[in-house]
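Structure first, then comments.
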Amino acid sequence: MRNWLMRAFPRESRRRKALYYIVIPLVGLAVLYFFFDRLMMPWITRHGDEFELPDIVGYRYDGAEEILEMVDLGIEKTNEEYHPQKEPGTILSQYPPAGTMVKAGRTIKVITSVGKKYVRVPPLAGFSVRQAKLNIEAANLILGDIAWTFSDSLPPKVVVFSYPASGTEVLISSEVNLMVNKGRLSGIVFMPRLVGRTLDEAVALLDDRGLRLGLVKHVRDENYIPETVLEQSVEEATELEVGEEIDLVVSTTE
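Residue 1283 is where the sequence shown starts when you use the working numbering, and the numbers rise one by one after that.
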């Protein structure tokens, strides 16, 4: 039998057949690899559709949304932050950053501004300077100037009032100035500055120094909010006797 096979299939023929059975599968695998690697995979991954992500930082959210829609991208707001110079809705950052190669259909995540942050001036009158400073810092504000006055109604070294006044809404990190009682000075007081304050604040300052409110004249002036002191009959820092009357000119819009 073996002899018959040797005669039927010479050695050279057998080699060719063996080579045939080895090479053909390898060629087939190479063709399949080329097909999937060069044709199918790029189509599946859409490799050829990548493009640079546009810069949308500084745009309003609705404007950025329109820009991204033009290149078939979505947008998602992930957070909001206070920013003193950026209007509410302005995009502060984006992910991925501008210039990144992306594909259509991707969602771009952004952080937007909610604008300026306002806080209220905390209660300060009647507190020691040290405690008032702690209250100011706890409200994310800054201690400004400290001025001294005389008061017979409060202990020495406590805050008489603040400017801006307690309860006023101000920008975060604004300065708050304090007027602190230096002690008692019976019979003698110094005229405070009332111009620019509201009538209520002016009356409170006069009462604190033992002075009385005299005549109040209203003058039309649309440059100031109503009930703002425009003039005072006695100059600031003038030495007065307790009980003297002070006349005021106050703004009105009527």
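Glycine residues also receive a C-beta, built at the ideal position from the N, C-alpha and C atoms.
Residue 1367 has its alpha-carbon roughly 29 Å from the corresponding atom of residue 1414. Beta-bridge partners of residue 1513 (DSSP): 1531. Spatial neighbours of residue 1336 in its own chain (CB-CB distance under 8 Å, excluding positions within 5 residues in sequence) are listed in chain order as 1349, 1350, 1353 and 1380. In the DSSP assignment, residue 1485 falls within the alpha helix (DSSP H) that extends over 1481 to 1490. Comparing alpha carbon positions, the residue from 1416, 1397, 1359 and 1396 closest to residue 1404 is 1416.
Residue 1364 is classed as exposed because its beta carbon has fewer than 16 other beta carbons within 10 Å across all chains shown. Taken through DSSP and simplified to helix, strand or coil, residue 1361 comes out as strand. Under the 10 Å beta carbon count, residue 1400 is surrounded by fewer than 16 other beta carbons and is classified as exposed.
If you compare the alpha carbons of 1427, 1342 and 1488 with that of residue 1411, the shortest gap goes to 1427. Residue 1465 is bridged by DSSP to 1432.
Between residue 1374 and residue 1339, the C-beta gap is smaller than 8 Å, which places the two residues in contact. By the Cβ criterion, the segment 1489 to 1505 is in contact with the segment 1514 to 1534, since at least three pairs of Cβ atoms, one from each stretch, lie closer than 8 Å.
Residue 1339 carries a coil assignment under DSSP once its states are collapsed to helix, strand and coil. Ranked by Cα distance from residue 1474, the first of 1492, 1333 and 1388 is 1492. Residue pairing for residue 1349: DSSP places it in no beta bridge. For residue 1419, there is no enclosing beta strand (DSSP E); the residue is part of the alpha helix (DSSP H) that begins and ends at 1411 to 1420. Its chain contains 1509 as the residues whose beta carbon lies nearer than 8 Å to that of residue 1482, once the 5 sequence neighbours on both sides are disregarded; these appear in chain order. Between residue 1471 and residue 1524, the CB-CB gap stays under 8 Å. Taking C-beta atoms under 8 Å as the contact rule, residue 1408 and residue 1440 qualify, at a distance of about 6 Å. Around residue 1447, the same chain offers 1403 and 1483 as residues with beta carbons nearer than 7 Å, after the five sequence neighbours per side are excluded.
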